[in-house]
Amino acid sequence: MQDPGKLPRWILNSDASAMRFRASRRDAGMPETIRVRPWPKRLAVASAVFMVALGLTVLVGWFSHTPALIQFVPQLPPMTRNAAACSLLCGLALLMVVFRCPRWLTVVCAGIVSAISILTIVEFVFGVNAGIDELLGSPYIPIRVSSPARMAPMAATCFALGSLGLLLAPRILSKRYALLLGLNASIIAAAGIATCMAFALGSSDAFGWGQDTRASLPAAVALLALGLGMLALAWRLDPEQVGIPRWLPVSVVIVVATSAVGVWQALIADGYKPFAVVPAVVLGGGWLMAPIFGLTIYQAQRAHSQAAALRQSEARKSAILDSAIDCIMTIDHEGRITEFNPAAERTFGYRRHEVVGKELADVIIPPSLREQHRRGLARYLATGEARVLGKRLEMTAVRADGSEFPVELAITRIPLDGPPSFTGYLRDITKRKQSEEALKRSERFLAEAQRLSSIGSLSWRVATNDITWSEQLYRIFEFDQGVPVTLDLISTRVHPEDIPLLNDMVDKARSAVSDFEYEHRLVMPDQSVKYVHMVAHGSRDQEGRLEYIGAVQDVTDRRLSEEALSEVRSELAHMTRVMSLGTLTASIAHEVNQPLSGIITNASTCLRMLDAEPPNVDGARQTAQRTIRDGHRASDVITRLRALFSKRDTTTEAIDLNEAIREVIALSRSELQRSQVISRVELADYLPTVTGDRVQLQQVVLNLLLNATDAMRGIDDRPRQLIVRTERDEGDQVRLSVQDAGVGFGPQGVDKLFEPFYTTKTGGMGIGLAVSRSIIERHHGRLWATPNDGPGATFSFSIPRGRQTNTKAQ
Amino acid sequence: MTTTRSLVSVVDDDESVRESLPDLLREFGFAVRAFSSAEEFLGSDCVDQTKCLILDIAMPGITGPELQQELKQRRQKIPIIFITAQRDETIRARMLGEGATECLFKPFSDTALSAAVNAALD
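These protein sequence lines are chains W and F, in that order. Going by this note's numbering, the first sequence runs without a break in its numbering and finishes at 819. Going by this note's numbering, the second sequence runs without a break in its numbering and finishes at 123.
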């Protein structure tokens with residue numbers, strides 16, 4: 010059932026004065042408001058008022074002994090009191106139904122009529138007197154019938170039918186009951202018409218057509234009014250009253266046939282023989298006309314309902330066209346526009362009336378494509394060969410202002426007889442095209458960015474092992490674009506030494522959602538090695554499936570640069586070490602000469618002991634042992650020197666910083682003494698190990714010691730005290746400080762101290778501190794200088810502790 | 002070579018020197034005392050008896066030359082043989098200029114040592 014607001018416009022736009030009809034249909038369960046024509050109600054009201062007036066007039070005539078009010082025409086039979094009462098009550102009941110008065114009022118009025126009329130019929134049928142005839146008084150007008158007070162049988166029958174119909178009327182809301190009411194009313198009206206016609210034909214004896222069909226003229230008029238009133242009611246109650254009631258053809262047949270019978274009877278009563286020419290023509294013609302009338306009305310009814318259905322269909326189609334988001338337009342076989350919906354109006358900037366009748370090609374197709382369109386239409390009409398029908402096409406269309414825009418178009422042929430016509434469904438896809446273009450652009454941008462940065466991206470659905478790679482990733486791995494990627498395929502490129510790393514990564518990724526970062530090598534078909542750095546982020550989708558999105562960067566160039574840089578740094582570090590070797594020459598000589606001296610002295614002693622008489626064998630053995638010990642000592646010095654000054658690659662190991670410092674101090678002790686430096690070494694107990702390059706860190710320590718010694722070289726007014734201290738620093742760091750009592754540095758000096766080639770020494774190159782700082786920074790630490798409260802400065806470095814256990818200072 | 006058992010004192014912070022040198026000197030027939038520092042030597046009762054002092058130049062605390070000056074101030078005329086692992090002729094010249102009997106660079110031969118000590122005792 011439609012909502013009133015969505016009813017087709019042609020229904021809602023009917024006469025403004027139309028009354029509203031509300032009907033709650035059981036099958037719909039919702040109220041319905043339909044405007045209907047006003048005349049059925051008016052006719053029903055008029056009929057009812059007439060019946061009330063007639064009945065009242067006759068009754069007043071009877072009670073006031075005024076025959077003129079009873080008979081109207083003196084020679085005609087009077088209307089009985091009961092018939093008048095029935096007319097009055099039926100009129101009231103009809104009014105009550107029309108105006109929807111409480112139902113019990115209708116039941117009372119119609120019930121009394123039913124009782125009177127049915128009892129009267131019973132009296133006729135069984136030839137009894139139930140005492141009902143003179144209920145309202147005796148007739149005082151002479152009349153040639155057996156029971157002058159009794160209502161005519163025809164009137165009784167019709168009032169019985171009518172009152173029963175009215176009793177039911179308030180319940181009549183469905184087609185079925187409207188049909189019953191209509192037929193019922195037709196019979197009553199037919200009887201009334203027939204009787205009236207008998208009177209109209211001037212029958213000398215109105216009762217001539219049989220005792221059982223007699224009625225007075227007022228009663229006949231009352232019955233006619235009742236019939237018409239109930240017909241109007243039925244018409245109005247018919248839920249499909251927008252058309253012609255279905256029962257109308259039948260009722261017309263009844264009315265016409267009955268009227269013919271009535272006229273035929275009247276003619277016979279007038280003196281014709283029953284089958285003389287005139288009565289026979291009247292009866293035959295009437296009976297012939299009855300079905301013709303009925304059929305005609307039926308045809309009209311059908312045409313009307315088809316027209317209504319067509320209007321509805323049109324309304325629906327119109328509603329669809331009006332509300333469609335897509336442009337819908339139809340063209341005829343000449344390519345002329347026959348329909349152009351509001352969406353098309355909005356899209357193309359034309360009004361419907363401006364374009365209907367014009368050729369579609371001239372309206373919406375850009376000039377360059379018009380000829381093609383015309384040829385296509387002509388080809389289809391000539392050969393039936395369709396290239397575009399039923400397909401989804403993309404083309405360019407043009408608006409009223411001449412601007413062109415992309416559209417998506419589907420054309421279908423309208424399945425009708427006659428010359429072909431077509432419907433086009435068209436959609437403006439400018440925005441979609443723009444998004445597509447933006448997407449393509451974005452993809453190109455991404456691909457280019459990936460190419461420039463040597464970063465490829467990938468996704469990996471763990472459960473299904475679906476791996477998707479970007480173009481750049483194919484380039485990095487040097488696989489053909491689009492080759493299905495599998496873990497096995499990937500492993501063919503991974504450096505054999507890094508395969509365990511790959512397996513480890515895959516295992517971790519499969520076991521749980523995680524983020525990971527790996528760097529490994531690839532071996533290309535030409536045996537060149539690439540370094541790739543991979544970062545991946547794992548997540549679960551809505552179904553809980555694990556997926557990784559990752560980025561892989563070719564870091565070969567960076568790695569090679571880093572290696573080259575590392576080599577240069579290493580060279581530089583070595584160079585500075587060798588330079589400090591010069592400074593330490595005297596110290597080194599001292600360190601070597603000391604055990605050599607012991608060796609020579611012990612060996613001489615040993616020889617002398619053996620040469621003595623008797624030989625002092627025990628003493629000789631002891632001195633020989635000391636010789637060996639000093640030899641080892643000399644060897645240790647050489648080993649330390651080699652470790653510190655030979656050229657070597659950078660290594661990473663756990664280092665006991667205290668131990669490393671002690672070695673450096675041992676090597677430089679002589680230099681410190683020679684420079685009259687008093688050194689104090691305060692090494693922290695349980696200092697955590699650090700991870701790094703032992704020799705490079707020792708180089709830094711040596712550099713700081715030599716710098717401190719140099720800084721105190723000219724100092725004579727105070728002890729040349731040097732403090733070497735290790736301690737734990739905050740944040741799990743290990744700190745070394747070298748404090749001197751030297752010349753210190755001015756405020757402008759501290760910034761420049763660590764710059765390369767900045768020096769205050771006459772013989773220095775100024776790269777020691779710069780190299781030291783670069784070494785410490787490579788160990789993720791920092792190197793800095795602070796002036797002392799007193800004279801001199803303190804140089805410190807701090808580097809993160811390693812993962813090894815603590816070491817105890819000795 | 003003399004047969005008198007003159008006392009030779011050795012002052013060196015290096016333990017191996019304090020072990021090896023006295024043994025060799027004893028083989029030469031000297032009485033020997035070894036000290037690890039100048040302070041220890043000055044605090045001992047051997048200063049007056051020492052006929053020859055073998056002295057390391059570079060030592061923590063009082064250095065060899067400082068001890069030499071100290072002894073001069075005390076008017077102790079003990080012949081001094083400096084020994085050093087630092088082969089530096091300028092130091093040697095300075096030490097000899099200051100009155101040292103000899104200045105030996107480590108390592109030195111037993112004959113050089115013997116000659117120096119005997120020269121000091123003459």
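Glycine is no exception: its CB is placed at the ideal position from the N, C-alpha and C atoms. The model shown is predicted, which means the values in this text are computed figures rather than measured ones.
- Residue nearest to L330 (chain W) within the set W:A419, W:Q381, W:Y434 and W:V230 is W:Y434 (criterion: CA-CA distance).
- Contact residues of the region 578-607 of chain W toward chain F are A595, S596, A598, H599, E600, V601, N602, Q603, P604, L605, S606 and G607 (C-beta to C-beta distance below 9 Å).
- Chain F places a beta carbon closer than 8 Å to that of S679 (chain W), counting this residue as a contact.
- Boundaries of the beta strand (DSSP E) around Y527 (chain W): D524 to V532.
- For I670 (chain W), there are no neighbours in chain F by C-beta distance under 9 Å, as the nearest C-beta there is about 18 Å away.
- Neighbours of R635 (chain W) in chain F, taken as residues at a C-beta separation under 9 Å, are given in chain order as S17, E20, S21 and D24.
- With respect to A169 (chain W), I130 (chain W) sits close: the two C-beta atoms are nearer than 8 Å.
- Interface flag for D627 (chain W) against chain F is unset, since no Cβ pair is found closer than 8 Å.
- Ranked by Cα distance from G753 (chain W), the first of W:G723, W:G174, W:V544 and W:T700 is W:G723.
- Under a criterion of Cβ atoms nearer than 9 Å, no residue of chain W is adjacent to F42 (chain F); the nearest Cβ is some 18 Å distant.
- In the three-state reduction of the DSSP assignment, Q381 (chain W) falls in the helix class.
- By alpha-carbon distance to S412 (chain W), the top candidate from W:Q748, W:D702 and W:T356 is W:T356.
- Annotated as proximal: G238 (chain W) and L52 (chain W), with beta-carbon spacing under 8 Å.
- When only Cα atoms are considered, L666 (chain W) and H788 (chain W) end up about 13 Å apart.
- In the displayed model, I127 (chain W) falls within a helix according to three-state DSSP.
- If you draw a straight line from the Cα of M206 (chain W) to the Cα of E323 (chain W), it comes to about 46 Å.
- Residue pairing of V538 (chain W) in beta bridges, as defined by DSSP: W:V532.
- If you compare the alpha carbons of W:V686, W:A720, W:V626 and W:S466 with that of G755 (chain W), the shortest gap goes to W:A720.
- Cβ contact annotation for K73 (chain F) (same chain, cutoff 8 Å, sequence separation greater than five): G100, in chain order.
- Only buried fits I340 (chain W), as 16 or more other CB atoms lie within 10 angstroms of its CB.
- In its chain, beyond the 5 residues on either side, M514 and M543 have a beta carbon closer than 6 Å to the beta carbon of Y527 (chain W).
- L103 (chain W) and A194 (chain W) have their alpha carbons spaced roughly 12 Å apart.
- Close CB contacts of Q685 (chain W) within its chain, under the 8 Å cut and outside five residues either way in sequence, are with R729 (chain order).
- The three-state reading of DSSP puts C53 (chain F) in strand, counting E and B together.
- The beta carbon of T718 (chain W) sits no closer than 8 Å to any beta carbon of chain F.
- The closest CA to that of L98 (chain W), considering only W:P162, W:L173 and W:P148, is found on W:L173.
- Against F109 (chain F), the close residues of chain W are S606, I609 and T610, in the order they occur along the chain (beta-carbon pairs closer than 9 Å).
- For a Cβ distance threshold of 9 Å, nothing in chain W lies close to A94 (chain F): the least Cβ distance comes to about 16 Å.
- A straight line joining the alpha-carbon of A458 (chain W) with that of R578 (chain W) spans about 33 Å.
- If you compare the alpha carbons of W:V116, W:P375, W:T267 and W:P493 with that of T477 (chain W), the shortest gap goes to W:P493.
- Comparing alpha-carbon positions, the option among F:G65, F:D123, F:K78 and F:P108 lying closest to D13 (chain F) turns out to be F:G65.
- DSSP places E354 (chain W) in the helix class (H, G or I) of the three-state scheme.
- The C-beta of T632 (chain W) comes closer than 8 Å to at least one C-beta of chain F.
- Beyond the five residues adjoining it in sequence on each side, P148 (chain W) comes within less than 6 Å, by CB distance, of P157 and A158 in the same chain, given in chain order.
- Taking all protein chains in view, the Cβ of H546 (chain W) is surrounded by fewer than 16 other Cβ atoms within 10 Å, so the residue is classified as exposed.
- Scanning the region 387-419 of chain W for uninterrupted beta strand (DSSP E) segments of 3 residues or longer gives 401-407, listed from N- to C-terminal end.
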